[in-house]
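Heads up: the sequence shown begins at 238 in this note's numbering, then just goes up one per residue.
By construction, the Cβ of each residue, glycine as well, lies at the ideal position given by its N, Cα and C atoms.
Computed from a prediction, not measured in an experiment: that's the story for all the values here.
Accompanying notes for the structure given below.
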Amino acid sequence: MAGERKAVANGESCFGYLKQAAKRFQEDSKMLRVGLIQGLTMGAVQIFIFLWSPTLQKFAKVASAGTIGLDHNNDPAYGLVF
């Protein structure tokens with residue numbers, strides 16, 4: 238960490254760090270694969286988080302009263318998810 242701060246203080250730009258990172262990815266394909274898998278997984282999780290609330294609201298409109306997961310107003314009981 239201290240070495241990174243020292244390099245920035247000496248005038249090395251962020252672009253230089255990006256070039257080094259790209260070079261490391263080219264040298265080690267395993268690192269690239271792990272990065273791609275992690276990025277795609279996190280993208281899928283973010284899409285799920287973004288879409289689950291509207292999906293539960295649509296479900297609540299067509300579900301019958303007393304369905305597990307709905308509160309007393311027939312709205313999604315979001316607290317049950319967590």
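Candidates the options, of which the one nearest residue i by Cα
i	options	result
G316	G303, L293, K298	L293
A236	A258, N310, I286	With the chain running from 238 to 319 in the structure shown, residue 236 is simply not present.
Residues bridged to residue i [DSSP beta-bridge criterion]
i	result
P313	L307
Limits of the alpha helix (DSSP H) - the one that residue i falls within
i	result
S290	266–299
Whole-angstrom C-beta distance between residue j and residue i, which should lie under 8 Å
i	j	result
D308	A302	That pair is no contact at about 11 Å.
Do the stretch 278–286 and the stretch 246–262 touch if we need at least three Cβ pairs shorter than 8 Å? no
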